[in-house]
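Single-structure report; data block below.
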Amino acid sequence: RATVIQAELLARLPEEELGGYQEYALEYSSAIIRQLYLLVSSPFMKQRLASMDYLSRIIRGNKKCCTLILRTFPRSLIYKSVETEILQNCNPQDWRDFFKKLPKEINTPEEQWNKECRLELETRLKEAVEEFEDSLE
């Protein structure tokens, strides 16, 4: 529920206030990484959809947020899924479309994206969240 509430708050936030929230999320919080973790790891479809919605809204018009998320996934996976230039425009719908493709298997000579890859990403995201939270203690 918390993710749904946060996504809804982001949707209602005036444009002039969104930038400050995005900067806070990038610099002082693990919210973006945590939502990426929930997006790839949650067994619950409602949570994955809520995380997708949150992430699509938090990146709206913010190149730093887009870059962080682009750096999270293998470059070849991004190229396979959608043109990077589109994602760099930070359009929420383009990002939703990309996130919807994450559960799909890709098995080509150029790219392997399967259960093992998602598990590796999940592990690294979890470690990043834990590292951030440990630094606060």
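Under the working numbering, the letters of the sequence shown match residues 398 to 534, in that order. Just so it is clear, CB atoms sit at the ideal spot from N, CA and C, and this is done for glycine as well.
Assign residue i to one of three DSSP states: helix, strand, or coil.
i              : result
isoleucine 402 : helix
isoleucine 503 : strand
glycine 458    : coil
leucine 410    : coil
What span of residues does the alpha helix (DSSP H) with residue i cover, start to end?
i            : result
lysine 512   : 512-532
arginine 454 : 442-455
proline 489  : 489-498
serine 438   : 428-438
Can residue i and residue j be called in contact, C-beta distance under 8 Å?
i              : j                 : result
arginine 457   : cysteine 487      : yes
threonine 462  : glutamine 509     : Sequence inspection shows cysteine at residue 462; the threonine mentioned does not correspond to that position. The answer is no: Cβ separation not under 8 Å.
isoleucine 503 : leucine 465       : no
alanine 447    : alanine 408       : no
serine 473     : glutamate 513     : no
serine 427     : phenylalanine 529 : yes
May I ask you to list the residues that DSSP assigns as paired with residue i?
i             : result
glutamine 509 : Asn504
Could you check whether the Cβ of residue i sits closer than 7 Å to any heavy atom belonging to the ligand MN?
i           : result
leucine 435 : The ligand MN is not among the ligands present in this structure, which contains no ligands whatsoever.
Is any beta-carbon of chain C found at less than 8 Å from that of residue i?
i           : result
glycine 458 : Looking at the structure shown, chain C is missing, and only one protein chain is on hand.
Any 3 or more C-beta pairs closer than 8 Å across the segment 487-496 and the segment 453-469:
yes
Below 8 Å, can you find three or more Cβ-Cβ pairs linking the segment 516-527 to the segment 424-436?
yes
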